[in-house]
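Comments concern the structure below.
4 protein chains.
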Amino acid sequence: DRPFTLIAGPCQIESREHALEIAGELVKVCGEVGVPLIFKSSYDKANRTSLNAGRGVGIDQGLQILAEVRETFGCPVLTDVHEPPQCAIAAEYVDVLQIPAFLCRQTDLVVAAGETGKAVNIKKGQFLAPWDVANIAAKVVATGNQQILLTDRGTSFGYNTLVSDMRGLPEMARDGYPVVIDATHSVQQPGGKGGSSGGQREFVPVIARAALAVGVAAVFMECHPEPDSAPSDGPNMVPLDQVGGLLATFKAFDSIAKANPITLD
Amino acid sequence: DRPFTLIAGPCQIESREHALEIAGELVKVCGEVGVPLIFKSSYDKANRTSLNAGRGVGIDQGLQILAEVRETFGCPVLTDVHEPPQCAIAAEYVDVLQIPAFLCRQTDLVVAAGETGKAVNIKKGQFLAPWDVANIAAKVVATGNQQILLTDRGTSFGYNTLVSDMRGLPEMARDGYPVVIDATHSVQQPGGKGGSSGGQREFVPVIARAALAVGVAAVFMECHPEPDSAPSDGPNMVPLDQVGGLLATFKAFDSIAKANPITLD
Amino acid sequence: DRPFTLIAGPCQIESREHALEIAGELVKVCGEVGVPLIFKSSYDKANRTSLNAGRGVGIDQGLQILAEVRETFGCPVLTDVHEPPQCAIAAEYVDVLQIPAFLCRQTDLVVAAGETGKAVNIKKGQFLAPWDVANIAAKVVATGNQQILLTDRGTSFGYNTLVSDMRGLPEMARDGYPVVIDATHSVQQPGGKGGSSGGQREFVPVIARAALAVGVAAVFMECHPEPDSAPSDGPNMVPLDQVGGLLATFKAFDSIAKANPITLD
Amino acid sequence: DRPFTLIAGPCQIESREHALEIAGELVKVCGEVGVPLIFKSSYDKANRTSLNAGRGVGIDQGLQILAEVRETFGCPVLTDVHEPPQCAIAAEYVDVLQIPAFLCRQTDLVVAAGETGKAVNIKKGQFLAPWDVANIAAKVVATGNQQILLTDRGTSFGYNTLVSDMRGLPEMARDGYPVVIDATHSVQQPGGKGGSSGGQREFVPVIARAALAVGVAAVFMECHPEPDSAPSDGPNMVPLDQVGGLLATFKAFDSIAKANPITLD
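Chains as they are written, first to last, in the working numbering: chain A, -4 to 260; chain B, -4 to 260; chain C, -4 to 260; chain D, -4 to 260.
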């Protein structure tokens, strides 16, 4: 019944200045609208379509920058981890460890993230049904950690396309963990015949508004000052200067949804 | 930018009294919430899963009952047609002719409906993409009739399941025709190993709210005083006494969406 | 355990000469390979993507031509029907009445076809699971007609694409009716943003060979002397002069499959 | 144009005796039919549905057992790797390193496997299109290693189901690398509401025969003396005593396919 949180930031950490600039702008617009912010950015893009695509600044520099964002703006920060040993390292700098969708079935990674005691954001693999995430959450719970978020980022639908099944949101919420809609990656066009993924930025508000009306705890939405020149996920990131306008509308939908919650059973 | 319309009624016309009772109740709750009503019911279920399933009262009696609903309550009425000659007959009694999803590619039926001059509600086949309906609308336009509604009732997703792609709603709206979300049949579980279709009534509000937040002209939602004893689509019809409560929430989402329209391009 | 039958011919009857020429060539190559032929062609394409697309010669002329093919070459002929009254008419001229995939759930059409006593070829809708066809077959059986064929022509898979699930073939065969693989329409790319369907002719042998290795009673494969100038389904018809070569390979796969049948349970 | 290879063995290494017994039996039946064998088994099941599911004997013991199989029977051995450092270790014991489907987009793992100089079997993720694997193969090629196999193990199709698209086999073969059909995991029913994956063992021959008729370089088929008591993938493993019978039929289909290759363009 609390207002939704925005999980936002650029797909990858491009530089210290870049991250701080975007975080500052997000803090400002979130403050104006009254939406809590979790700053998200990646230190390594470990699963690029093509070998030649840029992977980011690396774990050491990346975590330093995230820590500086947290210190400068006082907002929690989130990043994704790719191998078990990264979990304990990242946990010293960030508030939320994110399990990438492709890796959500890797038991060692999920357990290592859980063991840090930090919040763990599990992205539902594109190849899983909404009810399948309960087994993954149970792997975190087994470490004694119940700080779990569950994120929907779309489900495979034919080739090179995802679909967002709105029924999945209350389904994923059955066990009581906060559910997040990832409006950025849900509109990705994965793979493709070329060497990178496409995306449909114009549908980000479609997915976010629909999910908010159903009821979610948070909206995940990557943004960038100049998405078309971003090194990754440019086609589906929202221009930074549009975030404030979107948030105001999102908040209105969220208020109605929170006052009229949908529950199954 | 106008408020959404409710297209509602029992899946099939069970009797004169039954239809009038439900129409009366719907007129009342729609009036209370300030939502226009189009009464919907079928005189023939022409595509039942099983041969033994009840098909309804037939075209003669059915159209008489629909006309009486219209006369009694002053609301427009909608019914579905299944063969070209039925179009001209039904057009004398109803305001909107509906092309069933399975039949949306039957040129003669679509053209016959268009030629009546009545509004034509085209249901997007479960086997079509959102952009495919433009070719069907063009068949109606070719008759000189531009009163067209386009309805999404879900898309095939694996076996015995449909998924509602929210991106399809603005996609279907590109040509300017009103877009309807059919929240009842979108949660159908078509076919199945048994002799009838299943459904997930609990997800009707999920689909309707999501679609309203994206922006639709109307919500199609079948309802029944006792869904579990209805002769068809019982598992996905909403209990009549819940319609009023749903409408109030729907209206709140609709108001925000209409004030903040999503447009592609 | 008998060899497979070829159901082939041009998508639509373009003219008497055209049909006879193609039938003659098919009779020749089938005879050489030792494969029984059922000649297939349509008198009306009732569900074209676009209103302006050609629909064919019509029922009167079309049935005359089919009858002449049958008389001239002594092979059974098959055509598809689109409305109940066409069944009795077509039954006077052809050996097999085919229910189009989009229409497979229209009870009146299926029953009217069954009542002719002719063989009925039911195409599984793209929106149905393999086990769903049993309910359709039961509608024919209820007319006292057990001459039923069940055809797989692909299943919806995302947008504008079909997929052929080979597990569906033995699943559809559970009740003992002959199962047909439609290798032509399984490689259709339905709809699309343009005004017609695309297709992938190069995959016709892929689907046919795979299905024959699993075990089917017949292969449905449309062909044309000049597919690229055909009025419909050109992109997925096989050039007539390649049919003989394909058949020889098909027969080899079929022989092994018939000697080593797959049965479920 | 060479005969197909069988990649087979139990899903996981249960014990030294168990692996040697199965390998011995497979060597015998492959020898009788004249089919080359690559023995496959896993030392760690790193992505079990449930935390409590058994994971296997571990990398040290597992690789020792695989080496003993290779030495005892003279057949190449294959195992899957889950983190980059495992590649160099496993490469000292096995002939083929396999990239699991869920991990096929993890650049570091793919590159580490490539750098060993051993053959790398890339499993196409359930979330990828056939043409997407070319980008993964390119990551291996960039290490100077061109010994690549590409395996299809099914594609997401709705929830908890996979479908095998036979068109994907020649599509994946476009770059000339050998293509493998994984008939075991293609019939998996991933996830499910319970704590483990289901499977449809009866469809293993369906998928294998279909793929062989299209044309593949190898068939991947897990087997077990008592599948129903196996710790993982029991529902989709083939009983060991049925392998010989299946192979004889597979070989017949393969011979025809190799004599009549399908090529796109």
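Cβ coordinates follow ideal geometry from the N, Cα and C atoms, glycine included.
Predicted model, so just to flag it, every value in this text is computed and none were measured.
Within 10 angstroms of its Cβ, does residue 80 (chain C) collect 16 or more other Cβ (buried), or is it exposed? The residue given as residue 80 (chain C) occupies position 85 in the third sequence. Residue 80 (chain C) should be labelled exposed.
When the Cα atoms are used, what is the spatial distance from residue 124 (chain A) to residue 179 (chain A)? Against the first sequence, residue 124 (chain A) aligns to sequence position 129. Against the first sequence, residue 179 (chain A) aligns to sequence position 184. Taking the straight line from one Cα to the other gives about 19 angstroms.
Please name the residue in A:106, A:101, A:111 and A:93 whose C-alpha comes closest to that of residue 118 (chain A). The sequence position of residue 118 (chain A) within the first sequence is 123, counting from 1. The residue with the shortest Cα to Cα distance from residue 118 (chain A) is A:93.
Taking a cut of 7 angstroms between CB atoms, which residues from the segment 148 to 161 of chain A lie near chain C? If the cut-off is 7 angstroms between Cβ atoms, the segment 148 to 161 of chain A has 152, 153, 154 and 156 near chain C.
Buried or exposed by the 16-neighbour rule on C-beta atoms within 10 Å, applied to residue 192 (chain A): Within the first sequence, the letter at position 197 stands for residue 192 (chain A). Of the other Cβ atoms in all chains shown, 16 or more fall within 10 Å of the Cβ of residue 192 (chain A); this residue is therefore buried.
Where the beta strand (DSSP E) through residue 94 (chain D) begins and ends: Against the fourth sequence, residue 94 (chain D) aligns to sequence position 99. For residue 94 (chain D), the enclosing beta strand (DSSP E) stretches over residues 91 to 94.
Quick check on the DSSP output: the beta strand (DSSP E) that includes residue 118 (chain C) runs from which residue to which? Taking the third sequence and counting its residues from 1, the one referred to as residue 118 (chain C) is at position 123. For residue 118 (chain C), the uninterrupted beta strand (DSSP E) run begins and ends at 114 to 118, by DSSP.
Cβ closer than 7 angstroms: which chain D residues qualify as neighbours of residue 196 (chain C)? Position 201 of the third sequence, counting from 1, holds the residue named residue 196 (chain C). The contacting residues do not exist; residue 196 (chain C) stays about 11 angstroms from chain D at best.
Any C-beta of chain D under 9 angstroms from that of residue 219 (chain A): The residue labelled residue 219 (chain A) in the question sits at position 224 within the first sequence. Not an interface residue.
My parser needs the beta strand (DSSP E) runs of 3 or more residues fully inside the segment 38 to 82 of chain D; what are they? 72 to 75, all fully within the segment 38 to 82 of chain D.
Contacting residues, own chain, Cβ-Cβ under 7 angstroms from residue 53 (chain A) (five flanking each side not counted): As a first step, residue 53 (chain A) is located in the first sequence; it is residue number 58 there, counting from the start. The residues are 38 and 39.
Where the segment 42 to 73 of chain C meets chain B: residues whose CB sits under 8 angstroms from a CB there: Of all residues in the segment 42 to 73 of chain C, 42, 43, 44, 45, 46 and 50 have a Cβ within less than 8 angstroms of some Cβ in chain B.
Measuring straight from C-alpha to C-alpha, what distance separates residue 107 (chain D) and residue 82 (chain D)? Residue 107 (chain D) sits at position 112 when you count from the first residue of the fourth sequence. Residue 82 (chain D) sits at position 87 when you count from the first residue of the fourth sequence. Here the C-alpha atom of residue 107 (chain D) lies approximately 6 angstroms from the C-alpha atom of residue 82 (chain D).
Could you compute how far the alpha carbon of residue 256 (chain B) sits from the alpha carbon of residue 171 (chain D)? Against the second sequence, residue 256 (chain B) aligns to sequence position 261. Against the fourth sequence, residue 171 (chain D) aligns to sequence position 176. The straight-line gap from Cα to Cα measures roughly 50 angstroms.
Need the endpoints of the beta strand (DSSP E) that residue 244 (chain A) sits in, please. Locating residue 244 (chain A) in the first sequence gives position 249, counting from the first residue. Where residue 244 (chain A) is concerned, there is no enclosing beta strand (DSSP E), although the alpha helix (DSSP H) it sits in stretches over 238 to 254.
Measuring straight from C-alpha to C-alpha, what distance separates residue 219 (chain C) and residue 238 (chain C)? Reading the third sequence from its first residue, position 224 is the one you call residue 219 (chain C). Reading the third sequence from its first residue, position 243 is the one you call residue 238 (chain C). So the two alpha carbons sit approximately 10 angstroms from each other.
Is the segment 245 to 253 of chain C touching the segment 241 to 254 of chain D in the sense that three or more CB pairs, one from each, lie closer than 8 angstroms? With a cut-off of 8 angstroms, the segment 245 to 253 of chain C and the segment 241 to 254 of chain D count as touching, because enough Cβ pairs lie within range.
When the Cβ atoms of the segment 142 to 153 of chain C are set against those of the segment 230 to 247 of chain B, are three or more pairs found closer than 8 angstroms? With the cut-off at 8 angstroms, the segment 142 to 153 of chain C and the segment 230 to 247 of chain B do not touch.
List the endpoints of the continuous beta strand (DSSP E) containing residue 218 (chain A). For the purposes of this step, residue 218 (chain A) is identified with residue 223 of the first sequence, where counting begins at 1. Start and end: 213 to 219.
Are the segment 18 to 35 of chain C and the segment 65 to 73 of chain C touching, with three or more C-beta to C-beta distances below 8 angstroms? With the rule of 3 Cβ pairs closer than 8 angstroms, the segment 18 to 35 of chain C counts as touching the segment 65 to 73 of chain C.
Run down chain D in chain order and give the residues with a C-beta less than 7 angstroms from the C-beta of residue 204 (chain C). As a first step, residue 204 (chain C) is located in the third sequence; it is residue number 209 there, counting from the start. Within 7 angstroms Cβ-Cβ: 208 and 209.
Would you check if the distance between the CB atom of residue 51 (chain A) and the CB atom of residue 121 (chain A) is smaller than 9 angstroms? Sequence index remark: in the first sequence, residue 51 (chain A) carries index 56 (1-based). Sequence index remark: in the first sequence, residue 121 (chain A) carries index 126 (1-based). In this structure, residue 121 (chain A) does not lie closer than 9 angstroms to residue 51 (chain A) by Cβ.
Give the straight-line distance between the Cα atoms of residue 197 (chain C) and residue 232 (chain C), rounded to the nearest whole angstrom. Indexing the third sequence from 1 puts residue 197 (chain C) at position 202. Indexing the third sequence from 1 puts residue 232 (chain C) at position 237. Cα-Cα distance, rounded: 9 angstroms.
Who are the neighbours of residue 247 (chain A) on chain B, taking C-beta pairs under 7 angstroms? The residue given as residue 247 (chain A) occupies position 252 in the first sequence. Correct list: 251.
Which listed residue (C:103, C:228, C:229 and C:207) has its alpha carbon closest to that of residue 261 (chain C): Nothing about residue 261 (chain C) can be reported from this structure: the residues present for chain C run from -4 to 260 only.
Would you mind telling me which residues of chain A sit closer than 8 angstroms to residue 102 (chain D), beta carbon to beta carbon, in chain order? As a working mapping, residue 102 (chain D) is identified with position 107 in the fourth sequence. The answer, in chain order, is 41, 42, 43, 46 and 50.
Segment limits, alpha helix (DSSP H) that includes residue 102 (chain D): Numbered from its first residue, the fourth sequence carries residue 102 (chain D) at position 107. Where residue 102 (chain D) is concerned, the enclosing alpha helix (DSSP H) stretches over 102 to 110.
In terms of residue numbering, what span does the alpha helix (DSSP H) encompassing residue 131 (chain D) cover? Reading the fourth sequence from its first residue, position 136 is the one you call residue 131 (chain D). Note, residue 131 (chain D): alpha helix (DSSP H), 128 to 136.
Report yes if the C-beta of residue 87 (chain A) is less than 8 angstroms from at least one heavy atom of the ligand MG; otherwise report no. Ligands in the displayed structure: none, and consequently the ligand MG is not present.
Does any residue of chain D have a CB that is nearer than 9 angstroms to the CB of residue 230 (chain C)? On the third sequence, position 235 is the one that residue 230 (chain C) refers to. Taking a beta-carbon distance threshold of 9 angstroms, residue 230 (chain C) does not count as an interface residue toward chain D.
Where residue 170 (chain C) sits in the DSSP three-state scheme: As a position in the third sequence, residue 170 (chain C) is number 175, starting the count at 1. Taken through DSSP and simplified to helix, strand or coil, residue 170 (chain C) comes out as helix.
Identify the contact partners of residue 259 (chain B) in chain A, using a Cβ-Cβ distance below 7 angstroms as the criterion. Taking the second sequence and counting its residues from 1, one reaches residue 259 (chain B) at position 264. Result: 197.
Nearest candidate by alpha-carbon position, reference residue 76 (chain D), set D:58, D:25 and D:162: In the fourth sequence, counting from the first residue as 1, residue 76 (chain D) sits at position 81. Among D:58, D:25 and D:162, the Cα nearest to that of residue 76 (chain D) is on D:58.
Got a sec? Which residues, its chain only, sit under 6 angstroms from residue 100 (chain C) by beta carbon, not counting five neighbours each side? Here residue 100 (chain C) corresponds to residue number 105 of the third sequence, with the count starting at 1. So no residue of the chain qualifies.
Return helix, strand or coil for residue 257 (chain A), following the three-state DSSP convention. Reading the first sequence from its first residue, position 262 is the one you call residue 257 (chain A). Correct three-state label for residue 257 (chain A): coil.
Residue 165 (chain A) at chain B interface by Cβ criterion, 9 angstroms: To locate residue 165 (chain A), count along the first sequence from 1; it is residue 170. It does; some Cβ of chain B falls within 9 angstroms.
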